[in-house]
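For any residue, its number in my numbering is found by taking its place in the sequence shown, counting from 1, and adding 719. Note that the Cβ used here is the ideal one computed from N, Cα and C, for glycine as well. Report on the following structure.
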Amino acid sequence: MTTPLDIINPSTEEVITQVAMLDVGEADRVIERAAVAAPAWRRVTPADRGRLLRRFAEAVDAHIEELAQLEVANSGHTIGNARWEAGNVRDVLTYYSAAPERHIGKQIPVAGGVDVTFYEPLGVVGVIVPWNFPMPIAGWGFAPALAAGNTVVLKPASLTPLTALRIGELALEAGLPENVFQVVVGEGSSVGQRFVTHPSVRKVCFTGSTSAGQRIMEGCAAQMKRVTLELGGKSANVIFADADLERAAAAAPYAVFDNAGQDCCARSRILVEASAYDRFMELFEVAVRNVKVLDPRDEASEMGPLISAGQRESVSSYVEGAPVAFRGHAPEGPGYWFPPTVLETTDRSERTYCEEIFGPVVSVVPFADEAEGVAMANDGPYGLSGSIWTRDVGRALRAARGIETGTISINSNSSVRYATPFGGFKQSGLGRELGPDALRSFSEEKNVFISTEE
Ligand code: NAD
720 MTTPLDIINP
730 STEEVITQVA
740 MLDVGEADRV
750 IERAAVAAPA
760 WRRVTPADRG
770 RLLRRFAEAV
780 DAHIEELAQL
790 EVANSGHTIG
800 NARWEAGNVR
810 DVLTYYSAAP
820 ERHIGKQIPV
830 AGGVDVTFYE
840 PLGVVGVIVP
850 WNFPMPIAGW
860 GFAPALAAGN
870 TVVLKPASLT
880 PLTALRIGEL
890 ALEAGLPENV
900 FQVVVGEGSS
910 VGQRFVTHPS
920 VRKVCFTGST
930 SAGQRIMEGC
940 AAQMKRVTLE
950 LGGKSANVIF
960 ADADLERAAA
970 AAPYAVFDNA
980 GQDCCARSRI
990 LVEASAYDRF
1000 MELFEVAVRN
1010 VKVLDPRDEA
1020 SEMGPLISAG
1030 QRESVSSYVE
1040 GAPVAFRGHA
1050 PEGPGYWFPP
1060 TVLETTDRSE
1070 RTYCEEIFGP
1080 VVSVVPFADE
1090 AEGVAMANDG
1100 PYGLSGSIWT
1110 RDVGRALRAA
1120 RGIETGTISI
1130 NSNSSVRYAT
1140 PFGGFKQSGL
1150 GRELGPDALR
1160 SFSEEKNVFI
1170 STEE
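Put into structure tokens, the structure is as follows:
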């Protein structure tokens, strides 16, 4: 059975369309079709699998503007960001289209014969995606999973299914066989949970909140199901006094307010060496007030609304009574708008400093020296991303090695590149996505020994 679900534009609060939400029975049928399609898909030659993925990338490329406009309407992403996100799906598909022919095992020297390893596909992979980056996060799962010879069922978040549904159609138009890549819209607690409990799903690739990730990991234990978890973050932007403060301050708003702060890699804690604190705050205030929070369809827009009324309520609840230093602007009227907000935190046990707010709110705190800066960056359950700003190369590398995080940038706030591994330390996740080794986590390594004894 399916039920209609209203899809709301977060910039206008208007219903833009309806989509069909599947129930568990429907989800089972989709999973079973994926399981039936799996043996033929794994037999497609590596070169042909690569060719199909390149055609899929070309189909996405031919629809970048359409996909971007859909994301602006469904998710309130700025048009500039949405074009980048659709382009990222194309690039990730292109990158992994070369992988099937390079998914190379080993020949291991042993006595009495020849020993070789193979990477075998797992079968059906369930990819579960949150609402904050519907296109890229889906692609980071489905592209390497398909390249490794698995069939994929993709579940977007119920708030933001439109681009995933369109990408599913593009896969078929590009020539991927029926049921190799399917998209299902459904509740996380029922349809998403079915990926965990259905025995034909051999791996769950989940991105979302740490609490949902914990439940999924617990559930997967019952069948020893493979799982990758990309979870929450509370990353630090560590700014030393010897840094190019102008550059660091000009870049800092975009490291946390991009996508209205709904970014697992958001640098939502800015740690500034005490001797540079006042100067940094002066520069930072100017930069924050200049962030263009506009209708996301406007080419000049740098930040759009939050995703939903519920998210705005949740973000507001953090800011009530918090030590606000200054705020940027936000439009009036309909839409789930929230202005960029800067807190000067003195009590590091405050929930604004410890918890992932997932909105445009940042805490700024001074630190005394390198040891304290690194210790403060590490103080918390997460470890996903982060930045270090300094002109001292030795300090940059010491701090980068000392901070417990999956990715960190020096004199830059970049987080993700499709060619480099991405994932979290501590409660930010388990496993890695992207990069040259992504297919390994969608494969089983098999060892075969061939006797040469007479
Ligand atoms: P969420 O955990 O509520 O939902 C994420 C997805 O999981 C949705 O598709 C949802 O329907 C599904 N889901 C929820 N409960 C489930 C369950 N019990 N079983 C199976 N599926 C279930 O997260 P959200 O609110 O959509 O996204 C925000 C969170 O995602 C933040 O914590 C953010 O940091 C995190 N995130 C992490 C990364 C990363 O790469 N580490 C990237 C983006 C977002």
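Just to check my reading of the structure: residue i and residue j have Cβ atoms closer than 8 Å, yes? What is that Cβ distance to the nearest angstrom?
i       : j       : result
Leu873  : Ala862  : No, Leu873 and Ala862 are not in contact; Cβ-Cβ is about 11 Å, not under 8 Å.
Asn978  : Asn1132 : Not really, about 13 Å apart at Cβ, beyond 8 Å.
Val1007 : Pro1059 : 5 Å
Leu717  : Gly858  : A question about residue 717 goes unanswered here, because the residues of the chain that appear run from 720 up to 1173.
Glu1172 : Gly831  : 6 Å
Gly1143 : Gly952  : 7 Å
Asn800  : Leu881  : Actually they do not touch by this definition, with Cβ atoms about 16 Å apart.
Phe959  : Arg1114 : 7 Å
Ile798  : Pro1050 : Not quite, the Cβ-Cβ distance comes to about 16 Å (not below 8 Å), so this is no contact.
Ala1138 : Gly1154 : 6 Å
Hey, residue i and residue j: beta-carbon distance below 8 Å or not?
i       : j       : result
Tyr1072 : Thr1064 : yes
Pro1079 : Phe999  : no
Gly894  : Ala817  : no
Ala756  : Gly905  : no
Ile935  : Val957  : no
Ala778  : Leu889  : yes
Ala766  : Ser1162 : no
Val899  : Trp760  : yes
Ala969  : Arg1110 : no
Gln981  : Phe1077 : yes
Val808  : Pro855  : yes
Ala1041 : Leu1013 : no
Asn1097 : Glu1123 : yes
Ser954  : Arg986  : yes
Glu1164 : Thr879  : no
Ile823  : Asp834  : no
Val1005 : Val1083 : no
Gly1184 : Val1093 : Summary: the structure shown does not reach residue 1184, with the chain confined to residues 720 through 1173, and so no result is reported for it.
Ile1026 : Pro729  : yes
Glu839  : Glu1152 : no
Phe1002 : Glu1039 : According to the sequence displayed, residue 1002 carries Leu and not Phe. Not in contact: Leu1002 and Glu1039 (Cβ atoms no closer than 8 Å).
Cβ of residue i within 7 Å of any heavy atom in ligand 1?
i       : result
Asn1175 : As shown, the chain starts at 720 and ends at 1173. That puts residue 1175 outside it, with no answer to give.
Arg934  : yes
Gln912  : yes
Cys1073 : no
Val844  : no
Gly1154 : no
Glu897  : no
Lys1145 : no
Val848  : yes
Val915  : yes
Glu790  : no
Ser877  : yes
Gly1099 : no
Glu949  : yes
Lys1148 : The question names Lys, but residue 1148 is Gly in the sequence shown. Yes, the Cβ of Gly1148 comes within 7 Å of a heavy atom of ligand 1.
Leu1062 : no
Ile1122 : no
Ala931  : yes
Leu771  : no
Asn956  : no
Lys1011 : no
Cys983  : yes
Leu812  : no
Ile1076 : no
Phe852  : yes
Ile856  : yes
Ser928  : yes
Gly907  : yes
Leu741  : no
Regarding residue i and ligand 2, is the C-beta to nearest heavy atom distance less than 7 Å?
i       : result
Phe1057 : Although ligand 2 was asked about, the structure shown includes only ligand 1 as ligands.
Practice problem: Count the CB pairs spanning the segment 920-940 and the segment 842-861 that are closer than 8 Å, and state whether there are at least three. | Solution: yes
Exercise. Count the C-beta pairs between the segment 1117-1124 and the segment 1097-1109 that are closer than 8 Å, then say yes if the count reaches three, no if not.
Key: yes
Quiz item: Does the segment 728-743 come close enough to the segment 896-913 that 3 or more CB-CB pairs lie under 8 Å?
Solution: yes
Quiz item: When the Cβ atoms of the segment 1020-1037 are set against those of the segment 935-948, are three or more pairs found closer than 8 Å?
Solution: no
Quiz item: Are there three or more Cβ pairs, one per stretch, closer than 8 Å when the segment 1145-1160 is compared with the segment 1086-1103?
Solution: yes
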